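Residue numbers (this note's numbering), protein chains in the order written: chain C, 1 to 342; chain B, 343 to 684.
Inspection log for the structure reproduced underneath, given as structure tokens.
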């Protein structure tokens, strides 16, 4: 285990791969490993990339990785596929990535699939980020297929979240878009050379102006002067971050320098007024709550006799006991076993 | 409160509406109300309807409701919109529904939007189902916009889950479809009069054959004889349920009788070997775990001094404490306060 820890901190690929497997599968020693690596974390820039299938996310992630590599920065990619194992857990875009990035020692790519447990995936990706952070990667790109809760989980672990759209995917997805927009720090319209890109860009801008809290605040702050904030730097100055809408043609590298600039500007924005610190604080609080919840239920279920639980379920099913009362009784059972806990 | 309870059980519309508001907003007395109504639940047939935006789900739900009404059955509709309040929580399709079903005393329609809390929405919809069940509605249709976790939650509360697709929504959504397919008891290709319906039907069938556990089992059981199970009755006989793929043109009522027949067949299938009972048992177990988790964390956070938590977060942020160790310390703090709890 000590060898593994040292290996990760030194950035040895084999140790990193093994450590990722240990934490992903929650093998023995995973917590010890994470605890040992934890003091070495907190240095990486973590970028989340999400969006619906068909938007070309994977190609965009590859293009970003190549561009950061060209600047001599080291890049780790975590590709999270929240679709069920039913589909075989195929990670889209892996072939493209492999072709372009294989063999580069400054890049590390890891695919993760769910095992039917969305909460577990959030934990696993958080732990994987820590391993790669401790291993010294300067940038960690976390890519996920857009499927609701997973985007929210990305927003919880990343410092900057990119939401990727593309023209021609149907214009009836307003409701879904609205939910995703809220977590976006930067909106990317990829495949911007395709027909309909203009209308995708303008509809995203319209939605932002209508609904985004930063847009509303900004409109108030500027007395309606800045209705169209095209320049993210202006938003930084204003101490609001209104997500910019950028165009890319990732397959040809189009728009990538501008995207990198926007990412850097968002990073600079986070450095203002300790925003990055308070974001991290929030993330830690969420993690503690998640972990406490899991630990508490595990402990309670270990104390409650299995027959008691089965009997209660049977009584609920017979409608002679209601679920709320059942929970009260289970909590009381814990108390009666430990009479001082009231 | 007693008046409210009696009103709901008698099926009085005003009492039902008020009770739904009480449970949705977790107002004072919500738990008492639910406990009082609980013995009167368990009679309704609960049907979940999910799918991506643009598939015509709402129109399908309206068409189903009208058809059940024509058979003198009472119908409640819960339209759950898991998109964030950011979008204003507009419930799609409400206008269509209102036009066709308004004024019918045998129909009750309730829209629910999230308040940024997906877990809370699952709870709220479960509670709303109970109120409507106790009020005596024979059918409860729970409609949700497809957004990942929400479909899974539907599958957890419904007895029969319909997944709605439509032609022409883009063919690059395989990954998402695969995840949703798994929870489908019946697949509906709506807008089946549009171009591309045949290919949507055949691609769904191909996915089912490739991946669905029931299909695999069935293929083994029948030595590959039944590759295309077109007739759900055959699946009932075989004691496997392979989701049928049905075509509808909901806007004109096309395919609705066949869909109702498939729903009835699935219901009959659930009645075999106590499958309905064990489904309900599972649902209760999930509910108890959810409720216990919430109660336990609430109790722990009430005990732990706020400063202790804040101090821990600060130490984690400074990397002098790791999150796992923090949780162990918090649990130990609870124990030290109640020394007998070890």
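Think of the CB as a built atom: it goes at the ideal place given N, C-alpha and C, for glycine as much as any other residue.
Keep in mind that this is a model prediction, so the values were computed, not measured.
So which residues of chain B does residue 60/C contact, with C-beta pairs closer than 7 Å?
The count along the first chain starts at 1 and reaches residue 60/C at position 60. In chain B, no part has a C-beta under 7 Å from the C-beta of residue 60/C; the shortest such distance is about 15 Å.
If contact is defined by three or more beta carbon pairs under 8 Å, each pair taking one atom from either stretch, is the segment 179-197 of chain C in contact with the segment 155-168 of chain C?
yes
Using the Cα positions of residue 626/B and residue 448/B, report the straight-line distance between them to the nearest angstrom.
Looking up residue 626/B in the second chain gives position 284. Looking up residue 448/B in the second chain gives position 106. Spanning the two alpha carbons is a distance of roughly 29 Å.
Go ahead and pull the three-state DSSP assignment for residue 1/C.
In the first chain, the residue the question calls residue 1/C occupies position 1. Here residue 1/C sits in coil by DSSP.
Please return the same chain residues whose Cβ sits closer than 6 Å to the Cβ of residue 256/C, not counting the five positions on each side in sequence.
Numbered from 1 along the first chain, position 256 holds the residue referred to as residue 256/C. Result list for residue 256/C: 63 and 67, in chain order.
Kindly give me the distance between the Cβ atoms of residue 474/B and residue 386/B, rounded to whole angstroms, as I take these residues to be in contact under 8 Å.
Here residue 474/B refers to the residue found at position 132 of the second chain. Here residue 386/B refers to the residue found at position 44 of the second chain. Residue 474/B to residue 386/B, Cβ: 7 Å. Contact.
Need the endpoints of the beta strand (DSSP E) that residue 486/B sits in, please.
Position 144 of the second chain holds residue 486/B. Unbroken beta strand (DSSP E) run through residue 486/B: 481-487.
Does chain B have any CB closer than 8 Å to the CB of residue 327/C?
Residue mapping note: residue 327/C aligns to position 327 of the first chain, counting from 1. With 8 Å as the cut-off, residue 327/C counts as an interface residue toward chain B.
Would DSSP call residue 358/B helix, strand or coil?
By one-based count along the second chain, residue 358/B stands at place 16. Residue state, collapsed to three classes: helix.
Looking only at its chain, what residues have a beta carbon closer than 7 Å to the beta carbon of residue 411/B, apart from the 5 residues adjacent to it on each side?
Taking the first residue of the second chain as position 1, residue 411/B is located at position 69. By the criterion of a C-beta distance shorter than 7 Å, residue 411/B is surrounded in its chain by 417, 446, 448 and 449, once the five residues flanking it on both sides are discounted.
With a 10 Å radius around its C-beta and 16 neighbouring C-beta atoms as the bar for buried, classify residue 401/B as buried or exposed.
In the second chain, counting from the first residue as 1, residue 401/B sits at position 59. Around the beta carbon of residue 401/B, 16 or more other beta carbons sit within 10 angstroms, so the residue counts as buried.
Just how far apart, CA to CA, sit residue 122/C and residue 158/C?
As a first step, residue 122/C is located in the first chain; it is residue number 122 there, counting from the start. As a first step, residue 158/C is located in the first chain; it is residue number 158 there, counting from the start. Distance between the alpha carbons of residue 122/C and residue 158/C: 12 Å.
When the cut-off is 8 Å and only beta carbons count, does residue 634/B lie next to chain C?
Position 292 of the second chain, counted from the first residue, corresponds to residue 634/B. Yes, contact with chain C.
Identify which residue in 6/C, 316/C, 26/C and 139/C has its Cα closest to the Cα of residue 72/C.
Within the first chain, residue 72/C is the residue found at index 72, counting from 1. Of the listed residues, the one whose Cα sits closest to residue 72/C is 139/C.
Residues of chain C with a CB under 8 Å from the CB of residue 373/B: which are they?
Taking the first residue of the second chain as position 1, residue 373/B is located at position 31. Simply 324.
What residue range is occupied by the uninterrupted alpha helix (DSSP H) comprising residue 59/C?
Translated into positions along the first chain, residue 59/C becomes position 59. Residues 57-70.
Quick one: does residue 243/C have its CB under 8 Å from some CB of chain B?
By 1-based counting over the first chain, the position of residue 243/C is 243. At a cut-off of 8 Å between beta-carbon atoms, residue 243/C makes no contact with chain B.
Rounding to the nearest angstrom, what Cα-Cα distance links residue 586/B and residue 651/B in this structure?
On the second chain, position 244 is the one that residue 586/B refers to. On the second chain, position 309 is the one that residue 651/B refers to. Cα-Cα distance, rounded: 52 Å.
Check each candidate in 1/C, 249/C, 168/C and 326/C and name the one with the smallest Cα separation from residue 195/C.
By 1-based counting over the first chain, the position of residue 195/C is 195. For residue 195/C, the nearest C-alpha among the options comes from 168/C.
So that I know if they touch, is there some Cβ in chain B lying closer than 8 Å to that of residue 295/C?
Residue mapping note: residue 295/C aligns to position 295 of the first chain, counting from 1. At least one chain B Cβ lies under 8 Å of residue 295/C.
Any idea what DSSP makes of residue 46/C, helix, strand or coil?
For the purposes of this step, residue 46/C is taken as residue 46 along the first chain, with counting starting at 1. Of the three classes helix, strand and coil, the one that applies to residue 46/C here is strand, per DSSP.
So, helix, strand or coil for residue 246/C, using DSSP?
In the first chain, counting from the first residue as 1, residue 246/C sits at position 246. Three-state DSSP puts residue 246/C in a strand.
By the 10 Å Cβ neighbour count, where 16 or more other Cβ atoms means buried, how is residue 343/B classified, buried or exposed?
As a first step, residue 343/B must be located in the second chain, where it is residue number 1. Its Cβ having fewer than 16 others within 10 Å, residue 343/B is exposed.
Rounded to whole angstroms, what's the CA-CA distance from residue 307/C to residue 375/B? Just pull it up for me.
For the purposes of this step, residue 307/C is identified with residue 307 of the first chain, where counting begins at 1. For the purposes of this step, residue 375/B is identified with residue 33 of the second chain, where counting begins at 1. Each residue's Cα considered, the two are about 28 Å apart.
In three-state terms, what does DSSP make of residue 452/B?
Within the second chain, the letter at position 110 stands for residue 452/B. Reduced to three states, the DSSP call for residue 452/B is strand.
Inspect the beta-carbon positions of residue 591/B and residue 632/B and report whether they are closer than 8 Å.
One-based indexing of the second chain puts residue 591/B at position 249. One-based indexing of the second chain puts residue 632/B at position 290. For residue 591/B and residue 632/B, no; Cβs fall outside 8 Å.
Can you check DSSP and say which residues form a bridge with residue 320/C?
Along the first chain, read from residue 1 onward, the residue named residue 320/C stands at position 320. Note: residue 320/C sits in no beta bridge, so no partner.
Suppose the cutoff is 6 Å on Cβ atoms and the five residues either side in sequence are ignored; what does the same chain contact list for residue 657/B look like?
To locate residue 657/B, count along the second chain from 1; it is residue 315. 663.
Using a C-beta to C-beta distance shorter than 7 Å, which residues of chain C count as neighbours of residue 380/B?
As a working note, residue 380/B is residue 38 in the second chain. Simply 319 and 322.
Run through DSSP, which three-state label would residue 508/B get?
Along the second chain, one-based indexing puts residue 508/B at 166. It is coil, neither helix nor strand.
Residue 372/B and residue 347/B - do their beta-carbons sit closer together than 8 Å?
Position 5 of the second chain, counted from the start, is the residue given in the question as residue 347/B. Position 30 of the second chain, counted from the start, is the residue given in the question as residue 372/B. For residue 347/B and residue 372/B, no; Cβs fall outside 8 Å.
Compute the distance between the beta-carbons of residue 422/B and residue 383/B, then report whether it is under 8 Å.
Here residue 422/B is taken as the residue at index 80 of the second chain, counted from 1. Here residue 383/B is taken as the residue at index 41 of the second chain, counted from 1. The answer is no: Cβ separation not under 8 Å.
Could you name the residues of chain B that residue 288/C contacts, counting a contact when the two beta carbons are closer than 9 Å?
In the first chain, residue 288/C corresponds to position 288, counting from 1. Within 9 Å Cβ-Cβ: 651, 654, 655, 658, 665, 668, 669 and 672.
Given that residue 255/C touches chain B, what residues does it touch there, using C-beta distances under 8 Å?
Numbered from 1 along the first chain, position 255 holds the residue referred to as residue 255/C. Against residue 255/C, chain B offers no close residue; the least beta-carbon distance is about 21 Å (beta-carbon pairs closer than 8 Å).
Under 8 Å between C-beta atoms, does residue 42/C make it to chain B?
Numbered from 1 along the first chain, position 42 holds the residue referred to as residue 42/C. Interface residue, yes.
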